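*Asks:* The working numbering puts the first residue of the sequence shown at 1, with every later residue one more than the last. Each residue gets a CB set at the ideal place from its N, CA and C atoms; glycine is no exception. The model shown is predicted, which means the values in this text are computed figures rather than measured ones. Sharing a structure with you now.
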Amino acid sequence: MNYVYVGASLDGYIAGPNGEIDWLEERSHPDDGDYGFAEFMVGIDALLMGRNSFDVVAGMDEWFYTKPVFVISNTMTEVPPSHADKVELCGGALPDVVANLAKRGYENLYLDGGQVIQQALRDDLIDELIVTQLPILLGKGISLFGELESPIRFDHVNTVVFKSGLVKNHYRKRS
1 MNYVYVGASL DGYIAGPNGE IDWLEERSHP DDGDYGFAEF MVGIDALLMG RNSFDVVAGM
61 DEWFYTKPVF VISNTMTEVP PSHADKVELC GGALPDVVAN LAKRGYENLY LDGGQVIQQA
121 LRDDLIDELI VTQLPILLGK GISLFGELES PIRFDHVNTV VFKSGLVKNH YRKRS
């Protein structure tokens, strides 16, 4: 199973025009906790993220992941020494990378990054979408969803409204 767990603006952006994500931390309420992220991660075997997302999280003060992290990139040739023990680099077509990871026992993948998510949608690789909307309009930036050849239908699983005003919607791909 492949999962997306992402925050997005009301107008569907996951980052600002220059990759800014500071707006994701603007709203919080002590009762909201981690918005269910730790519970979500329990069922995940590994993360597969794009290079741009890796660059963002690699620049943070803290490494948040306890599960194996794979970075898919066809331009990055090596992992920076600071993260060599934290991630493994993968190249090639997304369906092949996902299939190879499944053969290695990583069957429940958390897919992260705008380009990875958009390609996974085009390749029909996403089983569940968990999108937390923040009450902000960015007006421009990196879009969560790109163009598709045909519609992909999802069924609503549940919605959680947090005290901070964030709304988490969980969807499962219709079979």
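In the structure shown, what three-state DSSP assignment does Ser9 receive?
*Replies:* The residue labelled residue 9 in the question sits at position 9 within the sequence shown. Strand at Ser9.
*Asks:* Can you tell me which of Asp31, Asn74, Val69 puts its alpha carbon nearest to the alpha carbon of Met41?
*Replies:* Within the sequence shown, numbered from 1, the residue matching residue 41 stands at position 41. When only C-alpha atoms are compared, the closest one is Val69.
*Asks:* Is the region 162-171 touching the region 41-61, taking contact as three or more C-beta pairs under 8 Å?
*Replies:* Verdict: no, contact absent.
*Asks:* Would you kindly check if the distance between the Cβ of Cys90 and the Cβ of Gln97 is under 8 Å?
*Replies:* As a working mapping, residue 97 is identified with position 97 in the sequence shown. As a working mapping, residue 90 is identified with position 90 in the sequence shown. It is worth fixing the name first, because residue 97 is Val in this sequence and not Gln. Yes, the Cβ-Cβ distance between Val97 and Cys90 is below 8 Å.
*Asks:* Expressed to the nearest angstrom, what Euclidean distance is found between the alpha-carbon atoms of Gly16 and Asp155?
*Replies:* Working through the sequence shown from its first residue, we reach residue 16 at position 16. Working through the sequence shown from its first residue, we reach residue 155 at position 155. About 29 Å.
*Asks:* Quick one, are the C-beta atoms of Gly50 and Gly113 less than 8 Å apart?
*Replies:* Taking the sequence shown and counting its residues from 1, one reaches residue 50 at position 50. Taking the sequence shown and counting its residues from 1, one reaches residue 113 at position 113. Contact: yes.
*Asks:* Let me make sure I understand the geometry here. Which of Tyr5, Pro151, Ile14 has the alpha-carbon closest to that of Asn52?
*Replies:* Along the sequence shown, one-based indexing puts residue 52 at 52. Among Tyr5, Pro151, Ile14, the Cα nearest to that of Asn52 belongs to Ile14.
*Asks:* Identify, in the order they occur along the chain, each residue of the same chain with its Cβ nearer than 7 Å to the Cβ of Ala120, setting aside the five sequence neighbours on each side.
*Replies:* Position 120 of the sequence shown, counting from 1, holds the residue named residue 120. Excluding positions up to five away in sequence, the list reads Asn2, Leu94, Leu111, Ile126.
*Asks:* For Phe54, is the classification buried or exposed, using 16 other Cβ atoms within 10 angstroms of its Cβ as the cut-off for buried?
*Replies:* If you number the sequence shown from 1, residue 54 lands on position 54. With 16 or more other Cβ atoms within 10 Å, it is buried.
*Asks:* Since Asp55 is in the alpha helix (DSSP H), which residue starts that stretch and which ends it?
*Replies:* As a first step, residue 55 is located in the sequence shown; it is residue number 55 there, counting from the start. Counting along the chain, the alpha helix (DSSP H) containing Asp55 begins and ends at 51-58.
*Asks:* So the candidates are Arg174, Gly165, Ser175; which of them puts its Cα closest to the Cα of Pro30?
*Replies:* Translated into the one-based positions of the sequence shown, residue 30 becomes position 30. Answer by Cα proximity: Gly165.
*Asks:* Measure how close the beta-carbons of Phe162 and Tyr5 come, nearest whole angstrom, since I'm counting them as under 8 Å.
*Replies:* Here residue 162 refers to the residue found at position 162 when the sequence shown is read from its first residue. Here residue 5 refers to the residue found at position 5 when the sequence shown is read from its first residue. Not a contact, Cβ separation roughly 15 Å.
*Asks:* Going by C-alpha distance, which of Asn18, Trp23, Trp63 is nearest Pro135?
*Replies:* Against the sequence shown, residue 135 aligns to sequence position 135. Checked all of Asn18, Trp23, Trp63; the closest Cα to Pro135 is Trp23.
*Asks:* For a test of the three-state rule: what should DSSP assign to Glu88, helix, strand or coil?
*Replies:* To locate residue 88, count along the sequence shown from 1; it is residue 88. Correct three-state label for Glu88: strand.
*Asks:* Quick test of your reading: Val71 and Val87, contact by CB under 8 Å. State the CB separation rounded to the nearest angstrom.
*Replies:* For this step, residue 71 is matched to residue 71 along the sequence shown. For this step, residue 87 is matched to residue 87 along the sequence shown. Confirmed, about 5 Å.
*Asks:* For the beta strand (DSSP E) that Asn108 lies in, which residues bound it at each end?
*Replies:* For this step, residue 108 is matched to residue 108 along the sequence shown. Asn108 -> no beta strand (DSSP E), and no H or E assigned at all.
*Asks:* Leaving aside the five residues before and after Val160 along the sequence, list all residues of the same chain whose C-beta is less than 6 Å from its C-beta, in chain order.
*Replies:* Position 160 of the sequence shown, counting from 1, holds the residue named residue 160. Same-chain partners within the cutoff: Lys168.
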